[in-house]
Amino acid sequence: MPVLVILIVISIAFYVFYKIKTVRSRRPAEKKWLSAKSSIALGLFVALFGINQLFLYSTTVTYIVAAVFIILGGINVWAGFKAYQHYLPYAAKEAEDLRKQQN
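Sequential numbering of the sequence shown, starting at 1, is according to full-length UniProt numbering.
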């Protein structure tokens, strides 16, 4: 399925993008917030990869491995989303404090 392949490529691109932004960031709350976003992208990549495998092969081993990938990806997305929600107010406060310092 070409749609899944495109989504897989987009999710891995977002993962790399947010990981680079995490490394370059100097503010601690923003770093954790960006890390949570990269965790969501990585989880989507793993889950979509598992779903894609279901369409490519039809063996018992593939179904087991795809199920593990989908479950692990879902857990990663869920944990990343919870961390994103947790660190968002801290990152916003940190950015506003920095903006006030610069003015």
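Backbone N, C-alpha and C define an ideal beta-carbon position, used for all residues, glycine too.
Evaluate residue i with the Cβ neighbour count: other Cβ atoms within 10 Å of its Cβ, from every protein chain shown; 16 or more gives buried, anything less gives exposed.
i           : result
Ser38       : buried
residue 104 : Since the first and last residues shown for the chain are 1 and 103, residue 104 lies out of range.
Glu30       : buried
Ala67       : exposed
Could you pull out every residue in the same chain whose Cβ sits closer than 6 Å to the Cβ of residue i, ignoring the five residues on either side in sequence?
i     : result
Ser35 : Thr22
Near residue i, which residues of its chain fall below 7 Å by C-beta distance, leaving aside the five closest residues on each side in sequence?
i     : result
Tyr84 : Trp33, Ala36, Lys37 and Ile40
Phe49 : Ile8 and Phe69
Phe91 : Going by the sequence as given, residue 91 is Ala instead of Phe. Once the five neighbours on either side are set aside, the close Cβ partners of Ala91 are Ala29, Glu30 and Trp33.
Ala79 : Ser39
Ser25 : Lys31 and Leu34
Leu88 : Trp33
Is the beta carbon of residue i sitting closer than 8 Å to the one on residue j?
i     : j     : result
Leu4  : Ile51 : yes
Phe55 : Ser11 : no
Gln53 : Thr60 : no
Pick helix, strand or coil for residue i, following the three-state DSSP scheme.
i      : result
Thr59  : coil
Asn52  : helix
Asn103 : coil
Which residues bound the alpha helix (DSSP H) around residue i?
i     : result
Arg26 : Where Arg26 is concerned, there is no enclosing alpha helix (DSSP H), given that its DSSP letter is neither H nor E.
Go through its chain and collect everything with a Cβ distance to residue i's Cβ below 8 Å, but skip five positions before and after it.
i     : result
Gly81 : Sequence check: residue 81 is Phe here, not Gly. Once the five neighbours on either side are set aside, the close Cβ partners of Phe81 are Ala36 and Ile40.
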